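Its first residue numbered 196, the sequence shown is counted upward by one per residue in this note's numbering. Using N, Cα and C, we set each Cβ at its ideal position, and we do this for glycine too. Just so it is clear, the structure is predicted and the values come from calculations on it, not from any experiment. Reading through the structure tokens given below for one structure.
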Amino acid sequence: MESISRKTFIQSSGLLLAGEILVKKPGAFATGAAQQTETGRKPVKKWVLKNVRLETGFVYEDGEVIATETGLFNVEIEDGKIKAVLPNDPKADATDAKGQLMLPAFRDMHIHLDKTFYGGPWKARLAKNRSVKDMIAFEQKTLPELLKTSTYRAEKIIELLQSKGTNFARSHVNIEPTSRLDSLKNLQKAIENKKDSFGTELVAFPQHGVFYSHSEQLMKEAAAMDIDFIGGLDPNAIDGSVEKQIDFIVQLALDHGKGIDIHLHEGGEPGLKTVEYLTQKVVENPALAGKTFLSHCFVLAKLEKPKLEETAEKLAHARVGVISTVPFGSTIMPIPTLYRHGVTVMTGNDSIVDHWNTFGSGSVLQKANLMAQLYGQSTELDLSRCLKLATCGIVPLDDKGKQQWPKAGDEASVVLVEASCSAEAVARISPVKALVHRGNVVYRN
Ligand SMILES: [Zn+2]
Numbered sequence: 196m197e198s199i200s201r202k203t204f205i206q207s208s209g210l211l212l213a214g215e216i217l218v219k220k221p222g223a224f225a226t227g228a229a230q231q232t233e234t235g236r237k238p239v240k241k242w243v244l245k246n247v248r249l250e251t252g253f254v255y256e257d258g259e260v261i262a263t264e265t266g267l268f269n270v271e272i273e274d275g276k277i278k279a280v281l282p283n284d285p286k287a288d289a290t291d292a293k294g295q296l297m298l299p300a301f302r303d304m305h306i307h308l309d310k311t312f313y314g315g316p317w318k319a320r321l322a323k324n325r326s327v328k329d330m331i332a333f334e335q336k337t338l339p340e341l342l343k344t345s346t347y348r349a350e351k352i353i354e355l356l357q358s359k360g361t362n363f364a365r366s367h368v369n370i371e372p373t374s375r376l377d378s379l380k381n382l383q384k385a386i387e388n389k390k391d392s393f394g395t396e397l398v399a400f401p402q403h404g405v406f407y408s409h410s411e412q413l414m415k416e417a418a419a420m421d422i423d424f425i426g427g428l429d430p431n432a433i434d435g436s437v438e439k440q441i442d443f444i445v446q447l448a449l450d451h452g453k454g455i456d457i458h459l460h461e462g463g464e465p466g467l468k469t470v471e472y473l474t475q476k477v478v479e480n481p482a483l484a485g486k487t488f489l490s491h492c493f494v495l496a497k498l499e500k501p502k503l504e505e506t507a508e509k510l511a512h513a514r515v516g517v518i519s520t521v522p523f524g525s526t527i528m529p530i531p532t533l534y535r536h537g538v539t540v541m542t543g544n545d546s547i548v549d550h551w552n553t554f555g556s557g558s559v560l561q562k563a564n565l566m567a568q569l570y571g572q573s574t575e576l577d578l579s580r581c582l583k584l585a586t587c588g589i590v591p592l593d594d595k596g597k598q599q600w601p602k603a604g605d606e607a608s609v610v611l612v613e614a615s616c617s618a619e620a621v622a623r624i625s626p627v628k629a630l631v632h633r634g635n636v637v638y639r640n
């Protein structure tokens, strides 16, 4: 069935005229997305939030941060951006944030939106002792069934993420001979349906190996499509050669102007060799600097201190980032060491209830909390710094307590949480009350 086109919908509903200014009534949240008019001009959409709690500084005692100072403000939003932060006017004709804390919207930087049990019946993962190759064989049997519902389920995960304050995700998407390009196409439908309320970037992920499953041609086709990163998977364990898989990925990324984000679970010599070889390739090809990431990278958790320090230094210098789901148990990632060397560290849920993992809650604030607990970050200052794991680096106050967010011109992608400050939000995984994506309220609790 031909679905009603966006243009027809806007024409028939008479939603907005070009250039119309939409100012919300007091007490009502602006909902829905900025509408594209027939001329392609985006109407100016302006509204104001009042009684917004923002962090303004740290309170010190004997040189130690003992509390976070906050105040209430009016925040003007226009055209998807923060237009101004003004003194609070409780009587203003504006949407009432009721003293809730405004933080940058959260970002999930490693998730698989394309394959999940979420949105369907509950199902725990299978026995733990399966190897990645066992899981590939399992996927070859089960993916055709999962693909039937994958668009719907991706939309359900996006809604879950929004309810946890996340407005952006980097999703890996399976590219292999079982799904071919269908997992990508199904996910692109979900992304299209959610595009006004949620942002994404995609990693073409050869989940079944590049050469092990003969996915080279499909990866080349995917690279020419609307994706952002070339993925990879345990080059030695799955494809039998670190150089062969990495060379293929690097060339594909360079040919198509994409970034790189590879899954690296394998440890030992091959794991370390993969880190070093990929890092070297990025040094040789500056176009890849700042656009190359190692997901999981568990090998770093097992390195002796001098080797770890040296490797972290190399990653920082080459601008290769690490995306960690903050595992615990026997694998404690050296995240504080990575931060100390200036390595970009990001996080994500990875799975939301699928055959790989059962635990994804959808919340990256929970990951920041987990990081705080794992590394003993329990003071006001330390907790406030941990927020950056959920926001991809942005925190309202700098290390000295100077306000650096929000500023006029910042993207109006923000979350309102029921907390008095960042430290409390991280420590308590405070409830998300509303999510604003590029100026539009897309979730409200
Ligand atoms: Zn993953």
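Residue side-chain check: D549 keeps its Cβ at 7 Å or more from all non-hydrogen atoms of ligand 1. Set against 7 Å, the gap from the CB of S490 to the closest heavy atom of ligand 1 is smaller. Comparing alpha carbon positions, the residue from V494, G454, E508 closest to L483 is G454. Taken in chain order, the complete alpha helix (DSSP H) segments of 4 residues or longer contained in the region 400-429 are 411-418. Secondary-structure assignment with DSSP links F554 through no beta bridge to anything.
Within 10 angstroms of the beta-carbon of Y255 lie fewer than 16 other beta-carbons, which makes it exposed. Scanning its chain for C-beta atoms nearer than 6 Å, with the 5 sequence neighbours on each side dropped, one finds around R514 the residues A484, G485, in chain order.
Runs of the beta strand (DSSP E) spanning 3 or more residues and lying entirely within the region 282-363 occur at 296-299, 301-306, in chain order. E575 sits away from A620, with the two beta carbons spaced by 8 Å or more. Q383 is classed as buried because its beta carbon has at least 16 other beta carbons within 10 Å across all chains shown. Restricting attention to beta strand (DSSP E) runs no shorter than 3 residues, the region 508-586 encloses them at 515-518, ordered along the chain.
Boundaries of the beta strand (DSSP E) harbouring R248: 241-256, taken from the DSSP string. Set against 7 Å, the gap from the CB of H458 to the closest heavy atom of ligand 1 is smaller. I353 sits close to A385, with the two beta carbons spaced by under 8 Å.
Rounded to the nearest angstrom, the Cβ distance from S374 to L338 is 5 Å, consistent with a contact under 8 Å. Between A511 and G537, the C-beta gap is smaller than 8 Å, which places the two residues in contact.
Here the distance from the Cβ of D545 to the nearest heavy atom of ligand 1 is below 7 Å. The beta carbon of H307 sits closer than 7 Å to at least one heavy atom of ligand 1. Here F363 is near R302, since their CB atoms are less than 8 Å apart.
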